[in-house]
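Down below is the structure, laid out as C-alpha cells.
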Amino acid sequence: MKRVIGVGSWRTGVPWAALALFGLAMGCGQTGGGGQCDGADSSGMCATIDSIIPTDTVTGFGDTSDVDAFPLLSGDCDGNGVADDPEPFGKHSALVTISANLLPDVTSPPAPEYVEFVGYDIDYIPSPDNLVPAPALTSQTFSDSWRVSANESVTRTLEFVTIQTKLEYQSNGGTALPATYTARYTLYGKTQFNQFIKLVGLATFQIGDFNLCP
Ligand SMILES: [Ca+2]
Ligand SMILES: [Ca+2]
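What the sequence shown shows, in the numbering used here, is residues 9 to 222, in sequence order.
Following this line, the structure appears as C-alpha cells:
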C-alpha cells in the first residue's frame, strides 16, 4: 500500500514527528541553500534551489560571475578606429533553477500539485578577503510570480545586480579592482494549499571594472 502524505492527512494529523524525521533523513525539512529544501515536513513536497548561474544577459556575454560596474561611456569600444561606440552596460541577471520534488511514496493529489513563488529578496555580503574593504550594498526586494509543478524543475531569470546596485557600488567607493561578494537569495512562495515556502540560495560574484568590449 502506498503511503500518501498530503493536505488531507496533514489536516487529520498524520504524525508530524514522523514526517519531520523523514524529512531530516532526506536532508530536507529545513531552509537553506546548498541543496536543502523547504516544505517537506508540512506538505510532502521538497522545494529546492538547484543552481544559481549569474549571467550577463543584457550585454550578451553569457554566463559569468564578473559584473561590470564601470562602463566606458564613450570611445572606441570595438577597436575599429572610430570612437563612436560606448562599452555595453546593463543589469546582471541570474538563471535560478528550482525544483519541487515530492518525497518518496508521496503522490499528488492529495499532496500539492505545485509551488507558486511570489517574490524574492537579495542581500549582498562583501567577502572579508577583499584587499580593499568593499562598500555595503542595499538589499533589494522584487515581486515576481512563477509556478513550479510537483516533480518538475523551472529555470527562471531573476535579477542579480541591477544598474541601481552597480551605481551604488560606484558611488560608495567601490574600486575598479574587482571586489568579491556573496549574493544571498531568499525566495518566497506557497504550495497549492497555502503552505509557506522559503528558500535561501547563495551565489558568489566579482564586481569592478571588467572589459565588455568585443
Ligand atoms: Ca567596464
Ligand atoms: Ca568604434
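Think of the CB as a built atom: it goes at the ideal place given N, C-alpha and C, for glycine as much as any other residue. Model, not experiment: these values are computed from the prediction.
- If you look at L111, you'll find it isn't in any alpha helix (DSSP H); DSSP assigns it neither H nor E.
- With 16 or more other CB atoms across the displayed protein chains lying within 10 angstroms of its CB, F168 is buried.
- Runs of the alpha helix (DSSP H) lying entirely within the stretch 58-82 and spanning at least 4 residues: none are present.
- Contact between the stretch 106-118 and the stretch 137-152 is absent, with fewer than three C-beta pairs closer than 8 Å.
- By the Cβ test, the stretch 71-90 is not in contact with the stretch 127-136, since fewer than three Cβ pairs between them sit closer than 8 Å.
- The C-alpha of S151 is placed about 19 Å away from the C-alpha of L210.
- Straight-line spacing of the CA atoms in A77 and E160 works out to 36 Å.
- Between P120 and Q214, the C-beta gap is not smaller than 9 Å, which leaves the two residues out of contact.
- Residue range 171-179 is occupied by the alpha helix (DSSP H) that includes Q178.
- One alpha carbon belongs to I57, the other to S101, and they sit about 16 Å apart.
- Under the DSSP assignment, T146 falls outside any beta strand (DSSP E); it carries neither an H nor an E label.
- Relative to the non-hydrogen atoms of ligand 2, the Cβ of N219 never comes closer than 8 Å to any of them.
- Nearest neighbour of S59 by Cα position, chosen from A158, L80, I106, L81, turns out to be I106.
- Apart from the 5 residues on each side of it in sequence, I205 sits with its Cβ closer than 7 Å to the Cβ of D46, G47, A55, V123, G197, K198, T199 in its chain, given in chain order.
- Ranked by Cα distance from G52, the first of A108, A91, D64 is A108.
- Rounded to whole angstroms, L110 and V156 show a C-alpha spacing of 12 Å.
- By the Cβ-count criterion, S50 is buried, with 16 or more other Cβ atoms from all chains shown falling within 10 Å of its own Cβ.
- At a threshold of 8 Å, F78 counts as near ligand 1, since its beta carbon sits closer than that to one of the ligand's heavy atoms.
- Excluding five sequence positions before and after L81, the CB atoms of its chain that fall closer than 8 Å to its own CB belong to P94, E95, given in chain order.
- For P120, no beta strand (DSSP E) run applies, since DSSP gives it neither H nor E.
- The continuous stretches of beta strand (DSSP E) do not include Q200, and DSSP gives it neither H nor E.
- Counting only residues of its own chain and dropping the five nearest sequence neighbours on each side, T65 has a CB closer than 6 Å to the CB of S101.
- With a 10 Å radius around the Cβ and a threshold of 16 neighbouring Cβ atoms, T163 comes out exposed.
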